[in-house]
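In this note's numbering, the protein residues as written are 8 to 495. Built from N, CA and C at the ideal position, the CB exists for glycine as well. Just so it is clear, the structure is predicted and the values come from calculations on it, not from any experiment.
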């Protein structure tokens, strides 16, 4: 039984093993296919595309096939049923009763003479119940809507492009998080490596103190102090390993795949090239603002269309009888027509809506300008912060190299009895402090680099023009900035 359990466990272990030695490029490829948030965003864009088709379908009109089955003894309904079935005759108006009374009246029957003009015909007012089946095909077509359908089509297509931009922006965010996870893991690995080296040095120092204590050159408190420092270093080491595990869990969540190990990347990400032209052409917030401007322009045209008439055509063809589909072509009928509707007064509501649309357009136009300036300012700020972090990293590297040399020097001097163990551990603390500052500066710099890459939409530059807004006027041409090579 035990052997069987071991065999089952050994076979099932590969099923639970995560991806090993994953590269950043492979991770981004998996992210694009498997990330759950991106899948939701793609469904949203797909629904917007279907909305476009729905609006475009309105241009082709609407056809309905209706089959109705009725039974009634209501006088009006029964007579209407007979008319629609082309079966109405003078008998339905009580002609036979009238002629009978007329004949009796001619023979001197005064009651018949009275009933001939005053008694309602029984066949008309109290008919027998009748079945009625009607099959009707109707078609309605908008001939002219004042441009409403055209503008609705433009707006829904623009909203679809907006959803694509939202998906692209979400992808950039997830790529940013994936890259940061990779660089964070690499920095943590670096930190763990350096902590391991420091712990190794502490053990060496502990051994030195043990030997010196035997010879009477070290005190018990020296050994306790070093052991306390070792416990502190081990706590930091364990915390770093937990942080690494947490980073792997977050990366696995992003990729929707279990990741066990990655290929380490450089601990400092390369600085991307950024120009004003690149921001104008690629930045998603600016492009969304431009697209919003195109939508508000189309909305102004839509509000203007309320002042124009609407023309619609319709046609109906059908047949009716007291038996379903009986003598269909003999009893068929058609109706065709057109309708013109033109609102000439509604209390100024249309005028107010038009002015509101114009104000919204002016507001959006200002938002486009604000987006351009704001994104350019943010890019400059990020570049400045990256350059500042570069200077900090250079400084901390020199400080770290110096701190290591000082620690080694103090360790040697302790062996000669020239300094106390407290002095040695203080120098070691300084080494660890500078190491933490160095790794923090690298982490901060990498975050700013990835933010800058997201700002210029680095991943999407190859297909950047596929979903640019198409406006109905000249707004996009007036507002576009195409200056190239203008560095920030």
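In this structure the stretch 164-183 lies against the stretch 33-49, because at least three pairs of beta carbons, one per stretch, are closer than 8 Å.
Residue 175 counts as buried, since no fewer than 16 other beta carbons sit within 10 angstroms of its beta carbon.
Assigned with DSSP and collapsed to three states, residue 297 falls in helix.
Between residue 152 and residue 58 the beta-carbon gap is near 18 Å, outside 8 Å, which marks them as no contact.
Beta-bridge partners assigned by DSSP to residue 76: 140.
Within a 10 Å sphere around the beta-carbon of residue 218 sit fewer than 16 other beta-carbons, which makes this residue exposed. Sequence-distant partners of residue 451 (beyond 5 residues in either direction) whose C-beta falls short of 6 Å from its own C-beta, in its chain, are 396. Pairing residue 269 with residue 435 gives a Cβ-Cβ distance that is not under 9 Å.
Here the stretch 435-450 lies against the stretch 397-407, with 3 or more beta-carbon pairs under 8 Å apart.
Between residue 457 and residue 276, the CB-CB gap stays under 9 Å. Per DSSP, reduced to three states, the secondary structure at residue 335 is coil, with no helix or strand assignment. Of all alpha-carbon atoms in 349, 427, 344 and 426, the one lying nearest the alpha-carbon of residue 146 is that of 344.
Straight-line spacing of the CA atoms in residue 294 and residue 317 works out to 35 Å.
Under the three-pair Cβ rule at 8 Å, the stretch 244-258 counts as touching the stretch 193-212.
Annotation for residue 424: 224 place their beta carbon closer than 8 Å to its own, counting only its chain and skipping 5 residues before and after. Taking a C-beta distance under 9 Å as the contact criterion, residue 455 and residue 392 qualify as a contact pair. Three or more pairs of CB atoms, one per stretch, sit closer than 8 Å, so the stretch 155-169 contacts the stretch 62-72. Counting only the Cα atoms, residue 32 lies some 15 Å from residue 193. For residue 355, no alpha helix (DSSP H) run applies, since DSSP gives it neither H nor E. Taking 8 Å as the upper bound for CB-CB distance, residue 144 and residue 324 are in contact here, some 5 Å apart. In this structure, the alpha-carbon of residue 226 lies about 47 Å from that of residue 187. Sequence-distant partners of residue 338 (beyond 5 residues in either direction) whose C-beta falls short of 7 Å from its own C-beta, in its chain, are 92, 93, 326, 327 and 328. Proximity of the stretch 378-386 to the stretch 352-370 falls short of the contact definition, fewer than three beta-carbon pairs being nearer than 8 Å. For residue 268, no beta strand (DSSP E) encloses it, and the DSSP letter there is neither H nor E. The C-beta of residue 165 has 16 or more other C-beta atoms within 10 Å across all chains shown, which makes the residue buried. Here DSSP, grouped into helix, strand and coil, assigns residue 328 to strand.
Here residue 85 has 79, 134 and 137 as same chain residues with Cβ atoms under 7 Å from its own Cβ, once five neighbours each way along the sequence are excluded. Residue state for residue 342 is assigned as strand, using DSSP reduced to three classes. Residue 291 sits away from residue 185, with the two beta carbons spaced by 9 Å or more. Secondary structure of residue 81 (DSSP, three-state): coil. Of the residues 369, 75 and 375, the one whose Cα lies closest to the Cα of residue 331 is 75. Leaving aside the five residues that flank residue 30 on each side, the residues in its chain whose CB is nearer than 7 Å to its CB run, in chain order, 270. A distance below 9 Å separates the beta carbons of residue 278 and residue 459.
Nearest in C-alpha terms to residue 364, of all of 103, 401, 96 and 310, is 310. Straight-line measurement puts the Cα of residue 280 at about 10 Å from the Cα of residue 390.
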